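Colleague: This is the structure I have questions about; it appears just below.
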Amino acid sequence: MNDRFLRALRRQPVDCTPVWIMRQAGRYLPEYRKVRAQAGDFLALCQSPELACEVTLQPLRRFDVDAAILFSDILTVPDAMGLGLSVQEGIGPRFESPLRSRKDIENLPAVNIEDELGYVMEAVRLIRAELDGKVPLIGFSGSPWTLATYMVEGGGSKEFSRVKGLMHDRPGLMHELLDKVCHAVIDYLSAQVNAGAQALMVFDTWGGVLTTPDYLQFSLRYLHRIVSALKATADGQHVPVILFTKGGGNWLEPIAETGCDAIGLDWTISLSAARKRVGHKVALQGNMDPTVLYASSGKVAREVERILDDFGQADGHVFNLGHGIHPGIEPDRVKTLVDTVHRASKRT
Ligand code: CP3
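In terms of my numbering, the sequence shown is numbered consecutively and its last residue is 1390.
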């Protein structure tokens, strides 16, 4: 098996730097759009293990990426809690029944993962079988804070007024919500490991909108709990965990303290500065600005080389973008990125 990705997460030597792309299966690929149309819509695609498996593998046929990531969405967990998710092109995700009162939060059911999200585990098993050891499979979840923002706002948000209002005015109730979501996330990630996921990534897409004390209390505390719980249940085999807080550059030291294996970085902090702060305690994943992929191939290659140089000659780097790839990107640019990472980082 190509285990560069897992080796880099363990800070072990590699023959060249591993690379994968956040949202590597998605709308920028014409073959993805075709399968989504065949499924009917995005959620139907997530809920069909066969089709989710197919789109997971699509980027691996085009690019020499070093990991596959389960095709699904972070919002399937609140959907399983009864919030009624829909995802519409051009509008984004929406919940039919957002959490708007104390009662809504108190009545939020615990999820039985195998019953409600069995389709995800079935997809994980299918993908592992199809991959046949070619590259490792990453499972994932949203962070409790990030999931809560969607559950309270009812969809995407710019101001986060409702969820921050809840946090400021009723912190106890906010913690009650985060605690429930955290339990579901732990069960969900453990089930993915049992089904065959070989590494895990937690997406804290909206942690960066918080103040430092609020981040530590309302987001990081739960990330810490997730990492500890996964370690406790790992009977012998340790599955590495990557924590990604978008806009989290201020908090690298406390993130590393959670015991995670790697920190995902967006493009607002340099890899060299991050390394100085966390040393070899964790691996680093990232962090090319996704908009560079709109530029010429020459520019993409130069930017890849600059980032590799910035990390320097050391173990523990997984190349990625600093956030998900945009739908308008030319797939050829991704090929340039992936091939340049491998070529320019070849160890002699
Ligand atoms: O990385 C991968 O290839 C795996 C697939 C994946 C998706 N969503 C597929 C998807 C992953 C890891 C996610 C995570 C996710 N979903 C996050 C965290 C990561 C991040 O980007 O910060 C968040 C915040 C969501 C919530 C979500 N789901 C949004 C905001 C949207 C709309 C995006 C848009 O641009 O319209 C979705 C839908 C979604 N999830 C799509 C894909 C490919 C697009 C849906 C479509 O095909 O129409």
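Using N, Cα and C, we set each Cβ at its ideal position, and we do this for glycine too.
Remember, it's a predicted structure, so these values are computed and weren't measured experimentally.
(1) Starting from G1184, follow its DSSP beta bridges and name the residues at the other end.
(2) Am I right that M1209 and F1260 are in contact with their C-beta atoms under 8 angstroms? What's the rounded C-beta distance?
(3) Please find out if some non-hydrogen atom of the ligand CP3 comes closer than 8 angstroms to the beta-carbon of Y1192.
(4) Would you call the segment 1186 to 1206 in contact with the segment 1064 to 1077, where contact means no fewer than 3 C-beta pairs closer than 8 angstroms?
(5) At which residue ranges does the segment 1254 to 1319 contain complete alpha helix (DSSP H) runs of 4 or more residues, listed in the order of the chain?
(6) To the nearest angstrom, report how far apart G1290 and K1341 are at their CA atoms.
(7) Which term fits S1232, buried or exposed, when burial requires 16 or more other beta carbons within 10 angstroms of its beta carbon?
(8) Rounded to the nearest angstrom, what separates I1349 and S1387 at their Cα positions?
(9) Excluding five sequence neighbours on each side, which residues of the same chain lie with their C-beta closer than 7 angstroms to the C-beta of Y1264?
(10) From which residue to which residue does the beta strand (DSSP E) around G1328 run?
(11) Using DSSP with H/G/I as helix, E/B as strand and the rest coil, what is R1069?
(12) Would the beta-carbon of R1317 fall within 9 angstroms of that of S1339?
(13) What are the start and end residues of the beta strand (DSSP E) that includes F1137?
(14) Consider the C-beta atom of V1360 and the heavy atoms of the ligand CP3; say whether any pair is separated by less than 8 angstroms.
(15) Count the other CB atoms, across all protein chains shown, that sit within 10 Å of the CB of A1356; report buried if there are 16 or more and exposed otherwise.
(16) Only counting the same chain, and skipping five residues up and downstream in sequence, which positions put a Cβ closer than 6 angstroms to that of F1361?
(17) Which residue spans inside the segment 1162 to 1221 form an unbroken alpha helix (DSSP H) run of at least 4?
(18) Would E1218 pass as a contact of E1148 if the rule is Cβ separation under 9 angstroms?
(19) Report the residue from E1295, H1322, F1353 whose alpha carbon sits nearest the alpha carbon of W1309.
(20) For I1111, list the residues DSSP reports as bridge partners.
Modeller: To lay it out plainly:
(1) F1245
(2) The pair is a contact, with the Cβ atoms about 6 angstroms apart (cut-off 8 angstroms).
(3) Correct: Y1192 has its Cβ closer than 8 angstroms to the ligand CP3.
(4) no
(5) 1263 to 1274, 1294 to 1299
(6) G1290 and K1341: Cα-Cα distance of roughly 27 angstroms.
(7) buried
(8) Roughly 11 angstroms between the two C-alpha positions.
(9) S1185, P1186, W1187, L1220, C1224
(10) That run of the beta strand (DSSP E) goes 1325 to 1330.
(11) In this structure, R1069 counts as coil in the three-state DSSP scheme.
(12) no
(13) 1134 to 1137
(14) no
(15) exposed
(16) So the qualifying residues of the chain are T1059, V1061, V1383.
(17) Secondary structure in the segment 1162 to 1221: the alpha helix (DSSP H) runs of 4 residues or longer, each lying completely within the stretch, are 1186 to 1195, 1203 to 1211 in chain order.
(18) yes
(19) F1353
(20) I1180
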